[in-house]
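If you're matching positions, the sequence shown starts at 259 in my numbering and goes up one per residue. The beta carbon of each residue, even a glycine, is placed where N, CA and C say it ideally should be. On a predicted model such as this, the values are computed, not experimentally measured, just so you know. Have a look at the structure below before the remarks.
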Amino acid sequence: MNESTIYECLKYGNENINMALEALRAGKMIQIYDSDSREGETDLVIPAKAVTYKSVKWMRKDAGGLICVAVDPVASKQLRLPFMADLVREASKTSESLGEVVEKDGDLKYDSHSSFSIWVNHRDTRTGIPDLERALTIRKIGEITEKSLSGNGVLFGNEFRTPGHVALLRAAEGLLDERMGQTELSVALARMAGITPAMVVCEMLDDESGKALSKENSKDYGKDHGLVFLEGKEILEAYMLWAGSEC
259 MNESTIYECL
269 KYGNENINMA
279 LEALRAGKMI
289 QIYDSDSREG
299 ETDLVIPAKA
309 VTYKSVKWMR
319 KDAGGLICVA
329 VDPVASKQLR
339 LPFMADLVRE
349 ASKTSESLGE
359 VVEKDGDLKY
369 DSHSSFSIWV
379 NHRDTRTGIP
389 DLERALTIRK
399 IGEITEKSLS
409 GNGVLFGNEF
419 RTPGHVALLR
429 AAEGLLDERM
439 GQTELSVALA
449 RMAGITPAMV
459 VCEMLDDESG
469 KALSKENSKD
479 YGKDHGLVFL
489 EGKEILEAYM
499 LWAGSEC
């Protein structure tokens with residue numbers, strides 16, 4: 259039974275989850291707050307395949323954080339996307355200074371490791387940074403993720419070059435069983451919605467305090483813009499139901 263079929267027959271007691279899944283299936287933006295004990299940040303989240311230059315502008319101006327694409331762990335392996343920290347460790351074998359800066363155990367106060375992979379531009383872009391060009395790169399990441407998971411043989415380097423202006427995030431192999439970052443939360447929702455699990459995430463920042471936008475202010479923003487607001491614990495609970503479903 260495929261994921262779309264499971265989605266159609268499984269409804270959740272948490273209506274927020276149902277509304278979020280419907281929004282994602284329609285290619286709309288939602289909000290995800292990870293947790294008070296983790297980053298304590300709210301991200302704007304949208305499927306990569308649905309992104310337009312207006313989506314990039316929205317995230318750039320209203321969120322203000324880093325616009326990244328979270329990629330499913332299976333597709334990440336198939337596309338041979340490395341973790342950036344692993345690349346730097348390998349490069350440090352010939353550059354001692356790189357060994358000094360690569361992340362080490364305990365560096366991240368909220369997690370065991372970073373999910374960052376490489377930064378890319380699509381080969382059809384010029385500089386890669388304008389909203390139109392970033393949107394193209396992001397959509398193409400969604401498309402190659404879908405092709406890869408469909409069993410089509412694809413070579414990532416045929417379409418993308420690095421360095422670039424779109425950061426890739428590689429979701430943990432065990433998803434929410436292993437890590438509760440925005441990367442895994444967004445990919446888990448994509449799987450539950452039965453859509454291509456390549457998701458754009460961007461942190462919401464506060465212009466006044468210089469910090470992450472508070473949960474309360476993020477919720478207010480969501481209400482003003484008609485966005486579904488989800489917390490990580492809600493996603494985890496629904497994902498566990500979805501993963502164990504036989505409907």
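Rounded straight-line distance, which links the Cα of residue j to that of residue i
i, j, result
"Y479", "G432", "32 Å"
"E461", "G490", "14 Å"
"L447", "V329", "12 Å"
"A349", "K362", "15 Å"
"T352", "R296", "35 Å"
"K252", "G298", "Nothing in the structure corresponds to residue 252, since the chain is present only between 259 and 505."
"S373", "G364", "15 Å"
"D382", "G271", "44 Å"
"R392", "R338", "22 Å"
"E474", "D294", "12 Å"
Nearest candidate by alpha-carbon position, reference residue i, set the options
i, options, result
"L356", "D344, D363 and A333", "D344"
"F341", "E492, A430 and K477", "A430"
"T454", "N416, L485, L494 and K405", "K405"
"D320", "S503, H483 and Y497", "H483"
"E417", "I387, K315 and G400", "G400"
"D292", "V309, G415 and T441", "T441"
"D369", "I275, G439 and L488", "G439"
"H380", "V346, G323, H371 and G415", "G415"
Where the beta strand (DSSP E) containing residue i begins and where it ends
i, result
"N421", "The sequence given here places Pro at residue 421; Asn does not occur at that position. Here the beta strand (DSSP E) through P421 covers F418 to R428."
"P305", "T300 to P305"
"Y291", "I288 to Y291"
"S204", "Nothing can be reported for residue 204, as the shown portion of the chain is limited to 259 through 505."
Residue i and residue j closer than 8 Å at C-beta
i, j, result
"I376", "T420", "yes"
"V412", "T395", "no"
"I493", "L443", "yes"
"V332", "L407", "yes"
"R397", "V314", "no"
"L284", "V458", "Correcting the residue identity first, residue 284 is Ala in this sequence and not Leu. Against a cut-off of 8 Å, the Cβ pair of V458 and A284 comes out as no contact."
"I275", "A456", "no"
"T300", "L485", "no"
"L282", "A451", "yes"
Classification of residue i by the beta-carbon crowding that lies within 10 angstroms, buried from 16 upward
i, result
"V445", "buried"
"V359", "exposed"
"Y265", "With a pLDDT of 47 at Y265, under the threshold of 50, the modelled position of that residue is not reliable, and no figure is offered here."
"L390", "exposed"
N- and C-terminal bounds of the alpha helix (DSSP H) containing residue i
i, result
"L282", "E273 to R283"
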